[in-house]
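In the working numbering, the protein residues as written are 12 to 451.
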């Protein structure tokens, strides 16, 4: 479809419910808007995914901010099937004088990256791997992960890849996944901030493309209690100030360098306390269970998809260099977690490990559920929180994690998520999954 009206550009931010929100300007006014941005308000941080606002909240009804577009983080494509182009620009929330606002998660990620580099000289390369379901497609039955399972939705997959490519996201692979009407899409590694921006754009482009086909794409962690879960796997690696990869060391167990090992040790140490930030909904915890190929214990493993941190495989075909491929996958995340906050928490936790010069965690093999408590304790295996309220309790109990953020931000996040859990307390898991399926 085409339109003769001037298209709009969305200046967006992602809130604590992982909802993309923002304000639109006509394209010809974008450059003019870039300096001072558009209006925003503090209480937006307390918006729920249910189209309500937590009341009371720390912000009240007063106060104003600005949402400043980062023109380097613009994603535009004409390939979603809409009448006008899909066009969004990620923004930073600032005070009226332009100083950073303590509740902007994109700024939190930038600050975490800057502190990591200042302390260690390391920069993070990252990528977000998304799983999602498509409903209302009326697809014919097909085998999981099969050729037919992807082709029955044609031309959805090629249209998605074309839209992501035109938007500058650098898509790599799209597949039909194991679950019913489930797909997965990946993008090329990029600097961590760009990767988080891309994660937001991937979700919204996918949803818009599906909507224009008469379908509904859902990134909910569980579309039904017994359904295959949808994760967001966050891949990360490190380069030094010269751009040299430093995650890989063939002399170390699993090929994990000492610095990367210390980083992973910090993540595992604080993982229970930060799980609420990476898996932020009630239904997230239906997915984070043993034998679900997700994550359930504080566990580093070599190529094991049950682990919370998985060392990913490398190939030497054609003389490829393992050092430039080698990366770690954080698996305790889903699309109800804000991608900037998720990655900021991972980096902050890893930096704690680097500062403390923690030894690399053991590479665990086997099933933690079949181990004795003593065996799990020896390997440092701690069960992740099993509900959202338990995850919030673990967050509040970890003063290191809460110390990474302003107290009022933690108050807002915990209050918002406790409100979410309380609102759904009377529903059964089927109803809860169905609700999140429509929301995400």
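No residue lacks a Cβ here, since even glycine has one placed at the ideal position from N, Cα and C.
For residue j and residue i, the rounded distance between their alpha carbons
{"i": "residue 429", "j": "residue 214", "result": "25 angstroms"}
{"i": "residue 54", "j": "residue 64", "result": "8 angstroms"}
{"i": "residue 406", "j": "residue 396", "result": "10 angstroms"}
{"i": "residue 400", "j": "residue 432", "result": "7 angstroms"}
{"i": "residue 172", "j": "residue 451", "result": "21 angstroms"}
{"i": "residue 118", "j": "residue 104", "result": "8 angstroms"}
{"i": "residue 226", "j": "residue 167", "result": "10 angstroms"}
{"i": "residue 83", "j": "residue 102", "result": "10 angstroms"}
{"i": "residue 212", "j": "residue 56", "result": "20 angstroms"}
{"i": "residue 110", "j": "residue 411", "result": "25 angstroms"}
Residue closest to residue i, alpha-carbon to alpha-carbon, out of the options
{"i": "residue 116", "options": "352, 388, 66, 28", "result": "352"}
{"i": "residue 90", "options": "294, 338, 221", "result": "221"}
{"i": "residue 421", "options": "436, 205, 448, 356", "result": "356"}
{"i": "residue 256", "options": "289, 284, 205, 200", "result": "200"}
{"i": "residue 419", "options": "106, 113, 402", "result": "113"}
{"i": "residue 445", "options": "383, 229, 245, 242", "result": "229"}
{"i": "residue 21", "options": "15, 41, 27", "result": "41"}
{"i": "residue 247", "options": "19, 379, 198, 122", "result": "198"}
{"i": "residue 241", "options": "366, 193, 224", "result": "193"}
{"i": "residue 321", "options": "109, 339, 308", "result": "339"}
{"i": "residue 346", "options": "287, 310, 335", "result": "287"}
Sub-7 angstroms separation of residue i and residue j beta-carbons
{"i": "residue 153", "j": "residue 160", "result": "yes"}
{"i": "residue 45", "j": "residue 67", "result": "no"}
{"i": "residue 29", "j": "residue 349", "result": "yes"}
{"i": "residue 58", "j": "residue 26", "result": "yes"}
{"i": "residue 49", "j": "residue 17", "result": "no"}
{"i": "residue 293", "j": "residue 443", "result": "yes"}
{"i": "residue 374", "j": "residue 439", "result": "no"}
{"i": "residue 142", "j": "residue 195", "result": "yes"}
{"i": "residue 361", "j": "residue 426", "result": "no"}
{"i": "residue 19", "j": "residue 51", "result": "no"}
{"i": "residue 133", "j": "residue 358", "result": "no"}
{"i": "residue 306", "j": "residue 342", "result": "yes"}
{"i": "residue 272", "j": "residue 371", "result": "yes"}
{"i": "residue 380", "j": "residue 283", "result": "no"}
Beta-ladder partner(s) of residue i, from DSSP
{"i": "residue 10", "result": "As shown, the chain starts at 12 and ends at 451. That puts residue 10 outside it, with no answer to give."}
{"i": "residue 244", "result": "140"}
{"i": "residue 50", "result": "77"}
{"i": "residue 340", "result": "246, 321"}
{"i": "residue 267", "result": "259"}
{"i": "residue 335", "result": "Looking at the DSSP assignment, residue 335 forms no beta bridge with any residue, so it has no partner."}
{"i": "residue 394", "result": "308"}
Closer than 6 angstroms: residue i CB and nearest the ligand HEM heavy atom
{"i": "residue 451", "result": "Looking for the ligand HEM in the displayed structure turns up nothing, as the structure carries no ligands at all."}
Which runs of the beta strand (DSSP E) at least 3 residues long sit entirely within the segment 54–109? Give them in chain order. 76–88, 97–105
What are the complete beta strand (DSSP E) segments, minimum 3 residues, inside the segment 99–171? 134–146
Within the segment 278–329, ranges of the alpha helix (DSSP H) (whole runs, at least 4 residues): Runs of the alpha helix (DSSP H) lying entirely within the segment 278–329, each at least 4 residues long, are 295–298 in chain order.
Whole beta strand (DSSP E) elements within the segment 173–246, 3-residue minimum: For the segment 173–246, whole beta strand (DSSP E) runs of length 3 or above, ordered along the chain, are 182–187, 193–198, 227–229.
Alpha helix (DSSP H) segments (min. 4 residues) lying fully within the segment 407–445: 410–414, 418–434
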